[in-house]
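Residue numbers (the working numbering): 1 to 217.
Next comes the structure, spelled out in structure tokens:
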């Protein structure tokens with residue numbers, strides 16, 4: 001008779017004790033990375049429509065933006081960040097940006113992208129989505145020392161704030177947008193080949209921080 005034995009899950013040594021990685025943990029990472037890929041592709045396609053076409057179909061940018069935003073939201077709800085307060089803050093920023101986007105899209109007679117471009121002040125609301133995205137870039141740069149996210153972290157606020165106050169020439173904005181779209185794709189593609197446990201992190205830290213929060217209740 002042949003017997004089959006299931007291999008025991010690998011045990012990792014964390015800062016505050018041992019831990020194992022479950023299938024649920026792995027699924028969460030896969031969803032996080034899939035969200036990043038969809039967001040990056042949507043952003044890249046939208047950017048290409050603007051940068052490589054003399055007469056871009058502006059109305060096509062709204063569904064692409066919606067796809068980008070929803071995918072980013074999925075990533076923000078599945079990303080592993082040790083500081084629960086920071087994680088929640090990024091999610092709140094994403095929600096604020098989406099609410100502002102919906103309000104502007106419904107109230108403006110122009111397509112969403114054109115309304116934002118012609119009225120930079122709207123970035124004070126919609127821009128919160130990109131603050132949340134920059135938070136992901138910063139986290140990845142800090143945790144994994146990724147060159148592309150080190151570049152993206154300052155480029156995003158530079159482009160958005162520069163457009164908000166009107167100090168960047170159109171050509172410079174186009175260059176920054178092209179760099180952003182390209183490096184975002186590079187980032188998403190490189191995440192697909194990264195070892196899954198790296199994105200999960202040290203689960204003993206999450207357990208410790210959770211116990212500390214419960215102890216204060």
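Ideal Cβ placement from N, Cα and C applies to all residues, glycine included.
Range of the contiguous alpha helix (DSSP H) that encloses residue i
| i | result |
| --- | --- |
| residue 97 | 84-107 |
| residue 140 | 123-144 |
| residue 154 | 147-165 |
| residue 110 | Element bounds for residue 110: n/a, residue is neither H nor E. |
| residue 199 | 196-200 |
| residue 186 | 170-191 |
CB contact check: residue i to chain B, cutoff 9 Å
| i | result |
| --- | --- |
| residue 173 | In the structure shown, chain B does not exist; there is a single protein chain. |
Close-in-space but distant-in-sequence residues of the same chain around residue i (CB under 7 Å, 5 per side omitted)
| i | result |
| --- | --- |
| residue 43 | 68, 181, 184 |
| residue 206 | 82 |
| residue 158 | 176 |
Counted within 10 angstroms of its Cβ, other Cβ atoms place residue i as buried (16 or more) or exposed
| i | result |
| --- | --- |
| residue 135 | buried |
| residue 46 | buried |
| residue 130 | buried |
| residue 109 | exposed |
| residue 15 | exposed |
| residue 75 | buried |
| residue 200 | buried |
| residue 149 | buried |
| residue 140 | buried |
| residue 152 | buried |
| residue 4 | Residue placement at residue 4 is poorly supported in this model, since its pLDDT is 42, which falls under 50; the coordinates are not used for a value here. |
| residue 17 | exposed |
| residue 107 | exposed |
Residues near residue i by beta carbon distance below 6 Å, same chain, minus five either side
| i | result |
| --- | --- |
| residue 123 | 160, 164 |
| residue 39 | 68, 71, 72 |
Neighbourhood of residue i by C-beta, 8 Å cutoff - its chain only, sequence neighbours within 5 removed
| i | result |
| --- | --- |
| residue 10 | 20, 21 |
| residue 30 | 196 |
Please go through the region 11-97 and give each complete alpha helix (DSSP H) segment of 4 or more residues, from N-terminal end onward.
Correct list: 23-51, 61-78.
Could you tell me whether the region 77-88 touches the region 203-210, where touching means 3 or more Cβ pairs closer than 8 Å?
Yes: at least three Cβ pairs fall under 8 Å.
Three or more beta-carbon pairs under 8 Å between the region 18-31 and the region 191-199, yes or no?
With the cut-off at 8 Å, the region 18-31 and the region 191-199 touch.
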